[in-house]
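Protein chains in written order, with the working numbering: chain A, 4 to 486; chain B, 4 to 486.
Just so it is clear, CB atoms sit at the ideal spot from N, CA and C, and this is done for glycine as well.
Quick caveat, the model's predicted, so the values are computed rather than measured.
Here's the structure, in structure tokens; my notes come after.
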């Protein structure tokens, strides 16, 4: 089986060399095809940080093992890491955080054992990067959560949790505030949970989760979250076990998977053969597990744990009384410990079950549709208008434009209702949401909305609008605070 | 000076009684007017959880001291806590997290001393609660950050940091991903920082911040963040010092301030006189400081710290070998320790400087405008359309509607470009963003946008649109991933 390998920038090449040396010494049945990605590829003029050949190779092999990469700053180019994750739809980011004996933290010193797997949605949320200035004072980021995207992620998380015999799978969310977006994500979680009665599934508000992660991290096992919250929780968990240098990362898609170290490229120590390859090695182990090389994965991971337990360390961590080793020596120590069992967290060695790589070629993009759109109607529209006037003046003008189809039901500013009722203490910015609903409750069509828009545009700059839909008898929109 | 007091639900009345007893014993020169807020007010039919008399009293006094409150679930009512914060524009949430000797955590055991003040924006972000389902599969939350809202918050944070002689003030953000919204917040931070050269101001990506908070919390002092990130970081910090039972909260506005305990109402132990009043007492101390009663605040805080150091504790924390005391006894122990100095973190006792309450009545809502909107033009529009077709088919239809004013420049799905270039591996959902720009670079007007909308609506359901503005020569919108 062949995989694509991108060595990365800075310390990337030397830690990749160390990891591949360990793989080779363990007779890992993989071939490597090296591809061109990273800072020097940007510098050669490829604006997405990879050559067309690299892209083609990765797409044909389906697996990419990559070192840390740098994206040039101030050139307006997007991160090569993010581009790779999005373009190839690696919808799940899986990160395993476990206590490594030999890597001291306040938690390890307190005898608290951590073994948390964070599964983070990797495509949606504000990471879509869809942002607009609506007025000179008001910036908007469109945070979207989709049902098929959430289902895809959550199904993966449950399958993974089942395979690892997880004690618990927990959904972190903020559905008490983001009732529609995170509400949808949470609904998907509980829907999928029904298919896995053997797993203990529960949910927790994300702020409470973070408080509990720093007080009782040992109570969590698999945690699944949306993109930004997952990003924050992942790095928090990395801190619990010693930092990014000790945490692997896998980006899982249906066709292409990316295994990578997410720490920096450490240009200051690049080429000195002193960097710590642990995170990249753990990512590589995660890759071996993913492609079914579970025997190799277990032997190498046990050797790593044994090596760390025995006090061997690079210069960035470990007992200062024991002299540190360099990158090559660290790799050799692991190789010499193949077959040894660590005292804690030893992995069970099970024979390899390599999958047959399924060659595929997609003819077109997959359209993910999860819910039929029956029985829907438009019942109103939110018009986001720029104005520096007081709510009452705006209401008067809006009512004039409502015509025979609409009535003005509410005006809000930064989500708080300021008309027909509100408080004089609510400070305003120069962008209002004027909510219009169908005058007689009859369904509206796009022509009605256009009519209102044409009329309103005589008085206001309309920055943006959102339709108010009903799905059956359920409102598909939120009320303003105070409405 | 008179303040409004709401005792709260569950354990609220008994911990409030304990705190006011401590205040009275210390001759705090405050009068209390008790107001009706909380679950039992919802139950009486007041849908925002407070009586009109309560609202009037609080607005006339300008300060509210409140116990924990419950919002009835499943009745569609919004949280009384959130309503209060928004209606009265308490734009800054200030929370102080300090190591309390006597309250054991893994950090206190490791000898790491924590003293972090989190200042969180309290109105904006996805907490505006402006959410819509765009299709049956796609949910949207509008995350907005405003310039005047950010400036108001950040100015408060710097003033507060200056008063407390902070070693450092740090802005936590995700401006590497949310370049426009968090970019605006970060820009405001660095702009305000210029006026405070005596303070060491820096910024950090929020995920990195959370990793560092669990490894080196002692390196932070004042941290300022947007709403959701601030919510998460606040609770993380609460965990570092022992939980919500040991963390005060103050909501600061220009006219009205709210000081409250943010832990739960603990109905299971309500009325038993065993609850821990520490968080509410610390919130009360924060209130005393805010109204200039800094001598009372310091004496009471020192007595609290001394009491905790001496091993006195309620049943929920502390050394199990020392019998716990009840709520009343805990308050009495603090009263008996007035004038004593704790070994660590003792507060300097400075004479009171009570402010004169400035009676005010707002005639109208304040419109916050921070930037003049000169030299702006509309250069295009993003049309968010519902479709299950492939990108190429959509592009063909869209181009047909572009007319003589617009050209179709890009189609993206979940923020990733899928036309004119893209990857077949990008999975799609049934909502696309079709980006149209001015054909000849000339500025557009609303009539042009209406024309395009009318034409497109013949082929598609338009869920939503956003104008593409230029401010001077700067694009006021983001590019799609891959665009």
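Short Cβ contact (8 Å threshold) for residue i with residue j
{"i": "residue 50 of chain A", "j": "residue 80 of chain A", "result": "yes"}
{"i": "residue 382 of chain B", "j": "residue 280 of chain B", "result": "no"}
{"i": "residue 310 of chain B", "j": "residue 277 of chain B", "result": "no"}
{"i": "residue 71 of chain B", "j": "residue 268 of chain B", "result": "yes"}
{"i": "residue 385 of chain B", "j": "residue 440 of chain B", "result": "no"}
{"i": "residue 193 of chain B", "j": "residue 479 of chain A", "result": "no"}
{"i": "residue 60 of chain A", "j": "residue 34 of chain A", "result": "no"}
{"i": "residue 406 of chain B", "j": "residue 454 of chain B", "result": "yes"}
{"i": "residue 121 of chain B", "j": "residue 161 of chain B", "result": "no"}
{"i": "residue 438 of chain B", "j": "residue 144 of chain A", "result": "no"}
{"i": "residue 428 of chain A", "j": "residue 62 of chain B", "result": "yes"}
{"i": "residue 21 of chain A", "j": "residue 333 of chain A", "result": "yes"}
{"i": "residue 251 of chain B", "j": "residue 228 of chain B", "result": "no"}
{"i": "residue 1 of chain A", "j": "residue 295 of chain A", "result": "This structure leaves residue 1 of chain A out entirely; chain A is present only between 4 and 486."}
{"i": "residue 245 of chain A", "j": "residue 106 of chain A", "result": "yes"}
{"i": "residue 52 of chain A", "j": "residue 86 of chain A", "result": "yes"}
{"i": "residue 299 of chain B", "j": "residue 379 of chain B", "result": "no"}
{"i": "residue 451 of chain B", "j": "residue 408 of chain B", "result": "yes"}
{"i": "residue 173 of chain A", "j": "residue 236 of chain A", "result": "no"}
{"i": "residue 467 of chain B", "j": "residue 467 of chain A", "result": "yes"}
{"i": "residue 164 of chain B", "j": "residue 69 of chain B", "result": "no"}
Rounded Cβ spacing between residue i and residue j (contact assumed at less than 8 Å)
{"i": "residue 239 of chain A", "j": "residue 213 of chain A", "result": "6 Å"}
{"i": "residue 148 of chain A", "j": "residue 142 of chain B", "result": "5 Å"}
{"i": "residue 91 of chain A", "j": "residue 458 of chain B", "result": "At roughly 35 Å, the Cβ-Cβ gap does not stay under 8 Å, so residue 91 of chain A and residue 458 of chain B are not in contact."}
{"i": "residue 265 of chain A", "j": "residue 232 of chain A", "result": "In fact, because the Cβ distance is near 17 Å, the residues do not count as touching under 8 Å."}
{"i": "residue 247 of chain B", "j": "residue 18 of chain B", "result": "Their Cβ separation, rounded to whole angstroms, is 13 Å, which puts residue 247 of chain B and residue 18 of chain B out of contact at 8 Å."}
{"i": "residue 321 of chain B", "j": "residue 327 of chain B", "result": "7 Å"}
{"i": "residue 89 of chain B", "j": "residue 419 of chain A", "result": "5 Å"}
{"i": "residue 47 of chain B", "j": "residue 73 of chain B", "result": "Between residue 73 of chain B and residue 47 of chain B the Cβ distance is about 14 Å, and since that is not below 8 Å, they are no contact."}
Proximal residues to residue i (C-beta, below 6 Å), its chain only, five neighbours per side dropped
{"i": "residue 185 of chain A", "result": "176, 177 and 178"}
{"i": "residue 3 of chain B", "result": "Outside the modelled stretch of chain B, which goes from 4 to 486, sits residue 3 of chain B, for which no answer is possible."}
{"i": "residue 130 of chain A", "result": "230"}
{"i": "residue 138 of chain A", "result": "389, 433 and 434"}
{"i": "residue 350 of chain A", "result": "301, 304 and 305"}
{"i": "residue 422 of chain A", "result": "394, 398 and 414"}
Cut-off 7 Å between Cβ atoms - residues of its own chain near residue i, not counting five sequence neighbours on either side
{"i": "residue 463 of chain A", "result": "388, 389 and 390"}
{"i": "residue 373 of chain A", "result": "150, 151 and 154"}
{"i": "residue 187 of chain A", "result": "148, 150 and 153"}
Spatial neighbours of residue i in its chain, beta-carbon cut-off 8 Å, leaving aside the 5 residues before and after
{"i": "residue 56 of chain A", "result": "38 and 39"}
{"i": "residue 243 of chain A", "result": "100, 108, 110, 117, 119, 216, 217 and 220"}
{"i": "residue 260 of chain A", "result": "65, 66, 67, 93, 253, 254, 290 and 293"}
{"i": "residue 302 of chain A", "result": "29, 341, 342 and 352"}
{"i": "residue 449 of chain A", "result": "381"}
Residues that residue i contacts on chain E, provided the C-beta gap is smaller than 7 Å
{"i": "residue 81 of chain A", "result": "Among the protein chains of the structure shown, namely A and B, there is no chain E."}
Check: residue i C-beta below 7 Å from any heavy atom of the ligand ATP
{"i": "residue 306 of chain B", "result": "In the structure shown, the ligand ATP is absent, as is every other ligand, since no ligand is present at all."}
### Message
Taking 8 Å as the cut-off, does the stretch 9-29 of chain A touch the stretch 271-278 of chain A (at least 3 CB pairs, one atom from each stretch)?
### Response
The stretch 271-278 of chain A makes contact with the stretch 9-29 of chain A, as at least three CB pairs between them are under 8 Å.
### Query
Can you list, in chain order, the residues of the stretch 136-167 of chain B whose Cβ is nearer than 7 Å to any Cβ on chain A?
Against chain A - using a Cβ distance shorter than 7 Å - the residues of the stretch 136-167 of chain B are 136, 138, 139, 140, 141, 142, 143, 144, 145, 146, 147, 148, 149, 150, 151 and 152.
### Task
Taking a Cβ distance cut-off of 9 Å, strictly less, list which residues of the stretch 248-265 of chain B are near chain A, in chain order.
Here the close residues are 256, 257, 258 and 259.
### Query
Given 8 Å as the limit, is there contact between the stretch 163-176 of chain B and the stretch 194-204 of chain B, that is, 3 or more CB pairs closer than that?
With three or more CB-CB distances shorter than 8 Å, the stretch 163-176 of chain B counts as touching the stretch 194-204 of chain B.
#### Entry: Segment contact flag, the stretch 339-357 of chain A with the stretch 299-308 of chain A, C-beta cutoff 8 Å, min 3 pairs
With a cut-off of 8 Å, the stretch 299-308 of chain A and the stretch 339-357 of chain A count as touching, because enough Cβ pairs lie within range.
### Message
So if I threshold CB-CB distances at 7 Å, which residues from the stretch 406-426 of chain A count as touching chain B?
### Response
Residues 417, 418, 419, 421 and 426.
### Query
Using Cβ-Cβ distances below 9 Å, what residues of the stretch 166-200 of chain B are close to chain A?
The stretch 166-200 of chain B vs chain A, Cβ under 9 Å: 177, 179, 180, 181, 182, 183, 184, 185, 186, 187 and 188.
### Message
Three Cβ pairs or more, each shorter than 8 Å: is that satisfied between the stretch 423-437 of chain B and the stretch 364-373 of chain B?
### Response
Verdict: no, contact absent.
### Query
Taking a cut of 8 Å between CB atoms, which residues from the stretch 450-476 of chain A lie near chain B?
Listed in sequence order: 450, 453, 456, 457, 460, 464, 465, 466, 467, 468, 469, 470, 471, 472 and 474.
### Task
Could you name the residues of the stretch 197-223 of chain B whose beta carbon sits closer than 8 Å to any beta carbon of chain A, in the order they occur along the chain?
Those would be 209, 210, 211, 213, 214, 215, 216, 217 and 218, in chain order.
### Task
Quick one: which residues of the stretch 113-134 of chain B get their C-beta closer than 8 Å to a C-beta of chain A? List them in chain order.
The stretch 113-134 of chain B vs chain A, Cβ under 8 Å: 113, 115, 126, 127, 129, 130, 131, 132, 133 and 134.
### Query
Going along the chain, which residues of the stretch 364-384 of chain A sit with their C-beta nearer than 8 Å to a C-beta in chain B?
Of all residues in the stretch 364-384 of chain A, 365, 366, 367, 368, 369, 370, 371, 372, 373, 374, 375, 376 and 379 have a Cβ within less than 8 Å of some Cβ in chain B.
### Query
Which residues, in chain order, does the stretch 95-113 of chain B contribute to contact with chain A at a C-beta distance below 8 Å?
Residues passing the 8 Å Cβ filter: 108, 109, 110, 112 and 113.
### Query
If contact means a Cβ-Cβ distance below 9 Å, which residues of the stretch 432-444 of chain A contact chain B?
Taking 9 Å as the Cβ-Cβ cut-off, the stretch 432-444 of chain A approaches chain B at 432, 433, 434 and 436, given in chain order.
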